[in-house]
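Residues 251 to 533 in the working numbering are what the sequence shown lists, from first letter to last.
As structure tokens, the structure follows; a few thoughts come after it.
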Amino acid sequence: MAKRPTVVHTITALRRAIAAYRKAGDTVALVPTMGALHRGHLALVRAGQQRADRVVVSIFVNPTQFAPHEDFGSYPRTLKSDVAALADIKADLVWAPSAAVMYPQGFATRVAPEGAALAGLEDKFRPHFFGGVATVVAKLFTQVTPDYAMFGQKDYQQLRVVTQMARDLDLPLKVVGMPTVREKDGLALSSRNVYLSELERGHAPVLVRTLKDSATRIKAGEPIEMVLEEGRAKITQAEFALDYLEARHALTLATVAALKSGPIRLLVAAKIGKTRLIDNLAV
Ligand code: PAF
Numbered sequence: 251m252a253k254r255p256t257v258v259h260t261i262t263a264l265r266r267a268i269a270a271y272r273k274a275g276d277t278v279a280l281v282p283t284m285g286a287l288h289r290g291h292l293a294l295v296r297a298g299q300q301r302a303d304r305v306v307v308s309i310f311v312n313p314t315q316f317a318p319h320e321d322f323g324s325y326p327r328t329l330k331s332d333v334a335a336l337a338d339i340k341a342d343l344v345w346a347p348s349a350a351v352m353y354p355q356g357f358a359t360r361v362a363p364e365g366a367a368l369a370g371l372e373d374k375f376r377p378h379f380f381g382g383v384a385t386v387v388a389k390l391f392t393q394v395t396p397d398y399a400m401f402g403q404k405d406y407q408q409l410r411v412v413t414q415m416a417r418d419l420d421l422p423l424k425v426v427g428m429p430t431v432r433e434k435d436g437l438a439l440s441s442r443n444v445y446l447s448e449l450e451r452g453h454a455p456v457l458v459r460t461l462k463d464s465a466t467r468i469k470a471g472e473p474i475e476m477v478l479e480e481g482r483a484k485i486t487q488a489e490f491a492l493d494y495l496e497a498r499h500a501l502t503l504a505t506v507a508a509l510k511s512g513p514i515r516l517l518v519a520a521k522i523g524k525t526r527l528i529d530n531l532a533v
């Protein structure tokens with residue numbers, strides 16, 4: 251049977267485990283997650299194992315990045331099966347704090363990211379989101395003190411925000427962005443895919459198909475806004491309520507009007523039934 255990773259729930263136990271790694275001269279990679287682990291998370295663990303001697307996976311459904319009307323209450327919580335999956339791939343440590351450990355009584359400090367966090371993409375539809383993410387990720391970084399932090403590119407704006415935050419706060423670690431892991435039909439893996447009905451699941455790959463088609467046409471020199479308008483129509487016809495389909499500068503997330511102002515990243519967010527999906531692709 252695979253060796254279960256050590257699971258710690260307190261800062262003291264976490265610090266003790268990290269101190270032992272450091273004493274042995276080991277480097278550390280952190281994979282921050284909210285649990286409900288899928289193959290995308292496991293790919294981040296494997297990528298961490300290639301860079302560092304030890305991999306720590308944090309599992310914490312962070313209340314401060316959910317608005318009151320969002321799915322914090324129903325977000326899948328599957329610690330037992332998550333730990334079993336991490337045992338299979340030999341992750342070293344699971345950091346699973348409670349909300350009271352992460353945000354003790356009297357907690358009064360927040361990180362307020364700007365720049366890419368105010369690009370008018372996710373922030374426009376989830377205004378509380380990046381403040382919550384930046385605050386908890388800053389805490390995870392100072393708690394675990396990793397050499398590397400592994401993030402999926404699926405949450406592309408989050409990756410840009412966290413990379414900038416680590417730089418701005420002089421945090422001594424490298425943020426590594428890894429390619430999105432997809433189903434056979436192209437749908438990006440997400441813990442929220444479990445919410446999709448069979449019918450919605452059938453419609454879901456229209457997002458990645460539209461991204462691919464738009465990227466090909468923009469690369470071929472077609473006018474960006476025209477391509478995006480047609481893509482928006484396709485997504486809406488497939489029963490989605492579209493939040494955005496945008497072409498942005500891949501690093502700053504500023505708007506781009508022409509191919510030569512790139513590198514360009516296409517980003518999409520749309521809701522089908524009760525499930526909100528996001529995806530993105532390089533042009
Ligand atoms: O991407 C996620 O799962 C979360 O936003 C993160 C980075 C773990 C912060 O709660």
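Ideal placement from N, C-alpha and C gives every residue a C-beta, glycine not left out.
Proximal residues to residue i (C-beta, below 8 Å), its chain only, five neighbours per side dropped
i, result
"L409", "F401, G402, Q403, V425 and G427"
"K469", "L509 and V533"
Near the ligand PAF: residue i beta-carbon under 8 Å from a heavy atom
i, result
"V387", "yes"
"N312", "yes"
"P473", "no"
"Q315", "yes"
"P282", "yes"
"Q407", "no"
"S308", "yes"
"V295", "no"
"G402", "yes"
"V383", "yes"
"V412", "yes"
Strand pairing of residue i, partner residues [DSSP]
i, result
"V278", "R304"
"I522", "T525"
"R432", "A438"
"R498", "T505 and R515"
"K424", "Y398"
"A532", "R515"
"I309", "T283"
Nearest candidate by alpha-carbon position, reference residue i, set the options
i, options, result
"A488", "V344, G452 and A388", "G452"
"V306", "T314, H319, T359 and A341", "A341"
"K510", "G471, L516 and E496", "G471"
"A388", "V295, R417, V278 and A335", "R417"
"R498", "A438, L478 and L516", "L516"
"L294", "A384, K524 and A399", "A399"
"R301", "L329, V281 and T460", "V281"
"A346", "V506, A269 and N312", "N312"
"F310", "T262, G298 and L329", "L329"
"I339", "G298, V411, L264 and L419", "G298"
"G365", "A520, K521, I528 and L501", "L501"
"R459", "V386, T395 and E480", "E480"
"Y445", "R376, T525, R265 and L336", "T525"
Neighbourhood of residue i by C-beta, 7 Å cutoff - its chain only, sequence neighbours within 5 removed
i, result
"A267", "T256, V258 and L343"
"F316", "F322"
"F379", "Q315, E372 and D373"
"L291", "Note that residue 291 corresponds to His in the displayed sequence, not to Leu. Cβ within range, chain order: V281 and T283."
"L423", "F391, P396, D397, Y398, A399 and A416"
Beta-carbon proximity list for residue i, same chain, < 6 Å, skipping 5 on both sides
i, result
"Y353", "none"
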